[in-house]
Amino acid sequence: MRQSGHNAAIANVETCDVVIIGSGGAALSAALRAAQGGLSVIILEKSPLLGGTTAMSGGATWVPANHHARAAGLVDSPEEALQYLRATAPEGWAATEDALWRAFATSASEMLAFVEQYSPLRFALTDEADPLAGFAGAKPRGRMLAPLPLAASLLDHRGWRLRPSPLPQLYTYHEVIKEDIWHHPLEVACRLSPRLLWRWGRRLRTKGGAMITGLLAGCAALGCGIQTQARVVSLLTEGSHRVVGVRYRHRGRLIELRAAQGVVIASGGFEGDVKRRATHFPGPVDYVCSPDTNTGDGQRMAEEIGAELAHMDQANIGGALPWRYQGQPCGLSVYFHYEPNAILVNAQGQRFTNEFIFNLGERLDARDAQGNPLHLPAWLVADAELLRRSPMLKLIALRHPQWMVRADTLAQLASALNLPEGSLEATVARFNQFCERGRDDDFHRERSTAHGEADARFHGGLMKIVRPPFLAMPFNRSFLATKGGPRTDEFGRVRHREGGIIQGLFCAGVAMANPIGTRAVGAGTTLGPNLTWGYICGRTLVQQAAGEFHHRMEEAS
8 MRQSGHNAAI ANVETCDVVI IGSGGAALSA ALRAAQGGLS VIILEKSPLL GGTTAMSGGA
68 TWVPANHHAR AAGLVDSPEE ALQYLRATAP EGWAATEDAL WRAFATSASE MLAFVEQYSP
128 LRFALTDEAD PLAGFAGAKP RGRMLAPLPL AASLLDHRGW RLRPSPLPQL YTYHEVIKED
188 IWHHPLEVAC RLSPRLLWRW GRRLRTKGGA MITGLLAGCA ALGCGIQTQA RVVSLLTEGS
248 HRVVGVRYRH RGRLIELRAA QGVVIASGGF EGDVKRRATH FPGPVDYVCS PDTNTGDGQR
308 MAEEIGAELA HMDQANIGGA LPWRYQGQPC GLSVYFHYEP NAILVNAQGQ RFTNEFIFNL
368 GERLDARDAQ GNPLHLPAWL VADAELLRRS PMLKLIALRH PQWMVRADTL AQLASALNLP
428 EGSLEATVAR FNQFCERGRD DDFHRERSTA HGEADARFHG GLMKIVRPPF LAMPFNRSFL
488 ATKGGPRTDE FGRVRHREGG IIQGLFCAGV AMANPIGTRA VGAGTTLGPN LTWGYICGRT
548 LVQQAAGEFH HRMEEAS
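So, in C-alpha cells, the structure goes:
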C-alpha cells in the first residue's frame, strides 16, 4: 500500500466501509444513500463548520421530472430533461458528457424522493421556469424547488456547528424570489413580520441552512460518523488504480482510515487556491463568495494518484458585492446588476452583453484564442437613480466607500476608470436612445425573462442614465464555485488519465469535472445535480457492496 507525500508516523488506524470527504450537499447525499444501504460511513470535514458552500446558498434546487411536479399536474420526463441538457450544452460537450447527462436525468427524481423519505428535509416547488426557454425540452414550471424551513433544534444535541449564511436565515428562497426585498426591505419585513418572528422564535433555518440541517439529521439517524477539523491529506492506494482509504489530520494526529468499499471526494471547488485559480482563470477577479476552505484538496489528491482532470476552466461565476463573512472580506452574490438604469461596459467603455442574460458569468469569462479574458476589466455603470431605487445597495456603498466610483460627469467617470476618451459618453448616449424607443437594438434587453416575471415587476428593462452623480462598480468575475476536477463515469467512479477506472474512488458535486459547467440550465443547477451525483455515488457503493453493480452495468449498456 502507498500514499502520496506524507510519511509522518500514524497515530491511529481506523476502518469503515465508506469515507466521504466534505460535508456539503453532494457529500451528505452520498453519505445518506450509502448509510441507508447498510454501509458504515465516516464524513470528514476539514473546517470546524459543517455544510460547505451549500449551507451558505439560497437553496435553489433544479430537479427535473420530480414527484412534486407530478402532484401539481405538471408533465415532465427524464427524456425531456435530457433533451434540454443536450440542446443547451456548449458545442462538443456531448462527446464526453452525454452518459452523465442521462444518468442525472434518470436519477434526479429518484434522489429527491429518497432524500425526503430518509431525512426530515422537505421541498416545495417555486414558480420559476427553465431560463433557456427557447430550447427543446424546456419547461415553464416544475423543475425548480427549494427547501422548507427546518428547526435548528433537530441537531442541538449533536453539538455540531453549521456554516452560517452570509445573509439572515429568516426568509425562504420562495419569499426571496416572490418579494422585492432588494428594493423594499423594510416594507417586506414589516408585512411578513409575524411569520419572520415566529421563525426566529422557533429557531428555524431556511434555504441552504435548512438543506444541510435536514441532510445531517438524516445521516445521523442512519449512523453516519461525522468528524470536523479533519483535513484529509492523502489517498491510500494499492497499485496504481485502486484507492483503499485516506490519511487525515485531526487535532495534531495523523490518522489512517481504511475504507472497504470506497472514498467519495465531495470537497468543493478550488476557487480558494489562488495559484491554481490564476492558472485556469487568468485576469481580474473581484471576490470569492464560497468558504475559504475550498482550496482544491480533492482535485490535488486525485491528480496525485493519476486521476484525469477536466473542465478546470468552468465555474459558477457572476458579479458580487463587497461583504464581510466571519470577520473576513468576501463577496456577496446577488443580482444587483438587474436594474433598468445600469449597463456593463468593458475596458473600451463599450457594452458587451445583455446585462439581464441568465448566463452572464459565461459572458464575463469569455476568452480569446490565448485563453485570456475578452471583456475584463468590466464595470457596472449607472446614475444616482440606482441608489434611490436600491436602498440595500446604498447601504453597502456607505459601508464600503472605496468600492463605488462617483463622478459629476460621464467624462470624469471615464477618466477615473481609465476608459478611452469619449467612449463611455457614446455608449451611454446610445443606450439612452434605446430607452427612448423602448428597444435595445444591440442586445434586446427588453425581451429578457431570465428570472421570470421578476424582470418586469421588479426591474423593468430600460431606463435612461442621466442623473448625476454617475456611478461605476467593478464587475469582474466573482466565484461561487469552480466546477472542474476528476472526470467520472456515469456511476460516479473516477477515471484514470491513462484509461480505465480508479477502483474505490468516487467524486461528486463541484469537486468533479461537472457535466454542467459555467453554462447553467436553471437557477438550481448547482445544488440539484450535486445532490444527484452524491446520490449516484452512494447508490453505486451500495450496489457494489451487494455484488449487484456489474449486473447494473450490463443493464445500462
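According to the working numbering, numbering within the sequence shown proceeds without interruption in unit steps and concludes at 564. For every residue, glycine included, the Cβ atom is placed at its ideal position computed from N, Cα and C. None of the values given here were measured: they were computed from a predicted structure.
Positions of the alpha helix (DSSP H) runs, each at least 4 residues long and wholly inside the segment 177–248, are given as 180–185, 192–198, 200–209 and 214–228 in order along the chain. In the three-state reduction of the DSSP assignment, Pro336 falls in the strand class.
Burial is judged here by how many other beta carbons sit within 10 angstroms of a residue's own beta carbon; Ala327 has at least 16 and is buried. Collapsing the DSSP output to three states places Gln43 in a helix. Distance between Lys282 and Gly208, taken at the CA atoms: about 45 Å. Look at the segment 448–507 and you find no whole run of alpha helix (DSSP H) that is 4 residues long or longer.
For Phe130, no alpha helix (DSSP H) segment is defined; the enclosing uninterrupted segment is the beta strand (DSSP E) at Phe130 to Leu132. In terms of Cα proximity to Glu245, the closest of Ala227, Ala266 and Asp448 is Ala266. Look at Trp330 here: in three-state DSSP terms it is strand. If the five residues before and after Phe441 are omitted, its C-beta is found closer than 7 Å to the C-beta atoms of Asp447, Asp448 and Leu469, all from its own chain and listed in chain order. Look at Met118 here: in three-state DSSP terms it is helix. When the five nearest sequence neighbours on each side are left out, the beta carbons in the same chain lying within less than 6 Å of the beta carbon of Ser172 are those of Met63 and Gly216, in order along the chain. Contact between Gly313 and Lys490 does not hold, since the beta-carbon distance rounds to 21 Å and is not under 8 Å. Taking the Cβ atoms as the reference, Gln268 lies roughly 16 Å from Leu51, outside the contact range of under 8 Å.
Between Phe513 and Gly499, the CB-CB gap stays under 8 Å. Burial state of Asn425 is exposed, judged by a 10 Å Cβ sphere holding fewer than 16 other Cβ atoms.
Excluding five sequence positions before and after Thr532, the CB atoms of its chain that fall closer than 7 Å to its own CB belong to Trp69 and Ile523, given in chain order. If you compare the alpha carbons of Arg148, Leu229, Pro427 and Gln510 with that of Gly80, the shortest gap goes to Arg148.
Of the other Cβ atoms in all chains shown, fewer than 16 fall within 10 Å of the Cβ of Gly445; this residue is therefore exposed. In the three-state reduction of the DSSP assignment, Gln440 falls in the helix class.
Partner residues in the beta bridge of Val295, as assigned by DSSP, are Phe486. Judged by DSSP in its simplified three-state form, His318 adopts coil rather than helix or strand. Its chain contains Ala421, Leu426, Pro427, Ser430, Leu431 and Thr434 as the residues whose beta carbon lies nearer than 7 Å to that of Gly356, once the 5 sequence neighbours on both sides are disregarded; these appear in chain order.
For the set Ala391, Thr302 and Leu339, the Cα lying nearest the Cα of Ile403 is the one of Leu339. Taking a C-beta distance under 8 Å as the contact criterion, Met151 and Gly529 qualify as a contact pair.
Under the three-state reduction of DSSP output, Pro398 falls in the helix class. Under a 10 Å Cβ-count criterion, Asn73 is classified as buried, with 16 or more other Cβ atoms of the shown protein chains found around its own Cβ.
For Ile28, no alpha helix (DSSP H) run applies; the uninterrupted beta strand (DSSP E) run containing it begins and ends at Asn19 to Ile28, by DSSP. About 6 Å separates the beta carbon of Lys146 from that of Asp83, a gap short enough to meet the 8 Å contact definition. In terms of Cα proximity to Asp24, the closest of Gly279, Arg40 and Leu46 is Leu46. Looking from the CA of Cys226, the closest CA among Phe365, Ala527, Ser30 and Glu505 belongs to Ser30. Residue burial annotation: Val20 is exposed, with fewer than 16 other C-beta atoms found within 10 angstroms of its C-beta.
As the crow flies, the alpha-carbon of Leu128 is around 29 Å from that of Asp304. In the pairwise beta carbon analysis, the segment 196–212 is classified as touching the segment 173–180: at least three pairs are separated by under 8 Å. Per DSSP, reduced to three states, the secondary structure at Glu98 is coil, with no helix or strand assignment.
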